[in-house]
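In the numbering used here, the protein residues as written are 322 to 942.
Don't be surprised by glycine CBs; every beta carbon is placed ideally from N, CA and C.
What you are looking at is a predicted structure, and each value in this text was computed from that prediction instead of being measured.
Working notes, structure below.
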């Protein structure tokens, strides 16, 4: 709360200026329309066009493509090259949750020559603009003469969190568009159940958790039919069935997808369900996630107005279906997000609720009159801009504004992102272009996986079934709480890894691999491979690394100075890092002799971690 108060104070002048300008604009245009100076329809249309244009320019000015988006791009790329919807070519793991987004990008990729990041940016902007237009249409049906400007799309476009998620390359803006389309259908006098269901089921194809909104809409439509029908309960039930049956029929395509998923991937849910431990409640983190969003957007100020609008909608038979949907959908989705701990991306899981809430606020303002209407308008305008509770490039409470981390600095001839992941990805892609295809391991798999096309093991388990199903120890950043064992990575054949804590601290500098300018010293050999090293020297001399053999000889001459425990730990390192992949009988014999000379024996690891020395060393003779 202290941070929120400081940010409000620091941004108070700008917020006040927005409030004064907004009220002045609405007052001036309203007066012109009331006096017949300009057409209300023309003002509304031009105003909406201006809102959409300004929003798209604002989104483009801070354009980003986050690393997670490139996970989907790699699946799309493999599909376009005939390998199927897979991450690594030799295994089927569903590491994405946005099937519709993936298929749309695949269709665009097949029909156009543009690269996937650019297509995703374009599709993001298109769906964001259509969301604003569709939301204005829904508002016009609810309150056709409330203001000379569409209020709901203005409020949505003015939110900094909306602009941030308008260009991330993720499916978020598509999901928001589907919500807005559903709202527009629900605002018609007699919504058609099958049409509404078919629109909202697209949201489930976009994100599985959208099923809550789909179910809420079906329940609202059915209950509204029961309440609106006359006659006995049997007749009301019959009327409800005539609505619920066609609505439920819209889920049939997704039921087919579930069977396809089980057949193709061997699971009923995406692998991300396991990777993010969605079955385990994480209420404390979910509370932080919800509160940072609620205060960062100033939406807490509008809670009374939103509840008033909901109350009026529920009392009006023409709007009761919409009111019931809001009453079901908002708490269901919010509780779900809080239970799973939210997401590490600020606001991402709440973006789909913003069109609903902004439409509700517009309805609330329209239902008031006189000074109360102007006071309500002023209240809604206070939500514009928001404050950066999670500052750009800062991680706080396991949450970050991910868009600020991956800014786009060029769009053509290819998208360029100012981030070390992008630079590392280009370096690794150049290795593949020269015929080097080592198996790599990293977290932050998106850009590295997409551009390099190398076999890649995800250290966080998003695209790796084994790691995804590991138990969670200490809770932390959602989706970043699991880590595979050294033995598992060795069995998968990992050679290069961005895993700077993989080896004992005293040996880390020797294992590092310099991938080039601008790439942090996080990459290194997970296990040294002499054959790969030879290829690197021949084909990629700009890649710098150490040959461990010369360092081993120096170490062996100095090993007599080590304590027993130090000797055991160093022997464990040399065996795992060097000898497991490089037959070297002479140096292996030296290690055995060093242990035997002190009467020591190194027990093989039993938990997959070779550097955990469990057995106490035998005292030196």
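Helix, strand or coil at residue i [DSSP, three-state]
{"i": "residue 503", "result": "helix"}
{"i": "residue 866", "result": "strand"}
{"i": "residue 942", "result": "The pLDDT assigned to residue 942 is 43, lower than 50, so where the model puts this residue is not dependable, and the model offers no usable value."}
{"i": "residue 821", "result": "coil"}
{"i": "residue 924", "result": "coil"}
{"i": "residue 679", "result": "helix"}
{"i": "residue 625", "result": "helix"}
{"i": "residue 527", "result": "helix"}
{"i": "residue 508", "result": "coil"}
{"i": "residue 491", "result": "coil"}
{"i": "residue 842", "result": "coil"}
{"i": "residue 454", "result": "helix"}
{"i": "residue 933", "result": "coil"}
{"i": "residue 631", "result": "helix"}
{"i": "residue 919", "result": "coil"}
{"i": "residue 334", "result": "helix"}
{"i": "residue 601", "result": "coil"}
{"i": "residue 828", "result": "helix"}
{"i": "residue 356", "result": "coil"}
{"i": "residue 516", "result": "helix"}
{"i": "residue 496", "result": "helix"}
{"i": "residue 638", "result": "coil"}
With 16 other Cβ atoms within 10 Å as the buried cut-off, status of residue i
{"i": "residue 865", "result": "exposed"}
{"i": "residue 763", "result": "buried"}
{"i": "residue 879", "result": "exposed"}
{"i": "residue 431", "result": "exposed"}
{"i": "residue 521", "result": "buried"}
{"i": "residue 664", "result": "buried"}
{"i": "residue 937", "result": "Unreliable positioning characterises residue 937 in this predicted model, as indicated by a pLDDT of 49, which lies under 50. A coordinate reading is not provided."}
{"i": "residue 773", "result": "buried"}
{"i": "residue 368", "result": "buried"}
{"i": "residue 761", "result": "buried"}
{"i": "residue 807", "result": "buried"}
{"i": "residue 803", "result": "buried"}
{"i": "residue 870", "result": "exposed"}
{"i": "residue 704", "result": "buried"}
{"i": "residue 563", "result": "exposed"}
{"i": "residue 844", "result": "buried"}
{"i": "residue 329", "result": "exposed"}
{"i": "residue 824", "result": "buried"}
{"i": "residue 583", "result": "exposed"}
Extent of the continuous alpha helix (DSSP H) to which residue i belongs
{"i": "residue 549", "result": "532–549"}
{"i": "residue 581", "result": "573–586"}
{"i": "residue 671", "result": "That residue, residue 671, is in no alpha helix (DSSP H); it is neither H nor E in DSSP."}
{"i": "residue 470", "result": "No alpha helix (DSSP H) holds residue 470; DSSP gives it neither H nor E."}
{"i": "residue 609", "result": "604–617"}
{"i": "residue 659", "result": "641–661"}
{"i": "residue 330", "result": "323–331"}
{"i": "residue 562", "result": "554–570"}
{"i": "residue 596", "result": "592–596"}
Cross-strand partners of residue i (DSSP beta bridge)
{"i": "residue 835", "result": "865"}
{"i": "residue 480", "result": "706"}
{"i": "residue 666", "result": "721"}
Could you tell me which uninterrupted alpha helix (DSSP H) segments, each at least 4 residues in length, are contained entirely in the segment 765–816, listed from first to last along the chain? Listed in chain order, they are 766–773, 786–789 and 807–812.
Kindly provide the ranges of any alpha helix (DSSP H) runs that are 4 or more residues long and lie completely inside the segment 845–915, ordered along the chain. Whole alpha helix (DSSP H) segments, 4+ residues: 851–860, 869–879 and 885–895.
Please specify which runs of the beta strand (DSSP E), each continuous and at least 3 residues long, are wholly inside the segment 687–771, giving them in chain order. Complete beta strand (DSSP E) runs here, min 3: 729–731 and 761–763.
Length-filtered (4 minimum) alpha helix (DSSP H) runs lying within the segment 358–439: Taking 4 residues as the minimum length, the alpha helix (DSSP H) runs contained wholly in the segment 358–439 are 361–382, 390–401 and 420–432, in order along the chain.
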